[in-house]
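Colleague: Please find one structure pasted underneath; my questions will follow.
Residue numbers (the numbering used here): 89 to 210.
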């Protein structure tokens, strides 16, 4: 067994076309089995309807929202976790007054090529 070795992800928050901010905490070739990020959606904003080619788990850290998955919708709040299978349409709306912040775990790790925009781009 090899010795553990640290790896680095820059951890800087960035804006995405998905209409949310992302901070990647773990997303590296050294750990292809998963990635970990935080998402931040401002009050009143709905993220882009999309699917991923990987499994994803949302865990709500702050705020409240309405999560749509595969045509259904549920309300989510602090401490709630939701598993989203690969290929399902999804988006989340911040229904609170402040930021909606959530952890995103993808298995295997997220790569841009796994993102599928399901909104009309006209």
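Every residue gets a Cβ at the ideal spot worked out from N, C-alpha and C, and that includes glycine.
(1) Mind reading off the beta-carbon distance from residue 208 to residue 151? Whole number of angstroms is fine, and I expect it under 8 Å.
(2) Would you mind sorting residue 205 into buried or exposed? The rule is 16 or more other CB atoms within 10 Å of its CB.
(3) Which value, in whole angstroms, describes the spacing of the CA atoms of residue 153 and residue 128?
(4) For the structure I just gave you, are there three or more beta carbon pairs, one from the segment 123-141 and one from the segment 189-200, closer than 8 Å?
(5) Please report the straight-line C-alpha distance between residue 167 and residue 147, rounded to a whole angstrom.
(6) For residue 149, which of helix, strand or coil comes out of DSSP?
(7) Using three-state DSSP, classify residue 104 as helix, strand or coil.
(8) For the pair the segment 129-144 and the segment 176-186, tell me if three or more CB-CB distances fall below 8 Å.
(9) Roughly how many angstroms separate the alpha carbons of residue 103 and residue 110, rounded to a whole number?
(10) Name the DSSP beta bridge partners of residue 176, please?
Modeller: Answer, in terms of the structure:
(1) Along the chain shown, read from residue 1 onward, the residue named residue 208 stands at position 120. Along the chain shown, read from residue 1 onward, the residue named residue 151 stands at position 63. No, residue 208 and residue 151 are not in contact; Cβ-Cβ is about 28 Å, not under 8 Å.
(2) If you number the chain shown from 1, residue 205 lands on position 117. That one is exposed.
(3) Residue 153 sits at position 65 when you count from the first residue of the chain shown. Residue 128 sits at position 40 when you count from the first residue of the chain shown. C-alpha separation (whole angstroms): 11 Å.
(4) They touch, by the three-pair rule.
(5) Residue mapping note: residue 167 aligns to position 79 of the chain shown, counting from 1. Residue mapping note: residue 147 aligns to position 59 of the chain shown, counting from 1. Computed Cα separation, rounded: 6 Å.
(6) Counting from 1 along the chain shown, the entry for residue 149 is found at position 61. Reduced to three states, the DSSP call for residue 149 is strand.
(7) Counting from 1 along the chain shown, the entry for residue 104 is found at position 16. Correct three-state label for residue 104: coil.
(8) Yes: the two stretches touch, three or more of their Cβ pairs being nearer than 8 Å.
(9) For the purposes of this step, residue 103 is taken as residue 15 along the chain shown, with counting starting at 1. For the purposes of this step, residue 110 is taken as residue 22 along the chain shown, with counting starting at 1. Taking C-alpha positions only, residue 103 is separated from residue 110 by approximately 6 Å.
(10) For the purposes of this step, residue 176 is taken as residue 88 along the chain shown, with counting starting at 1. Answer by DSSP bridge pairing: none, since residue 176 is not bridged.
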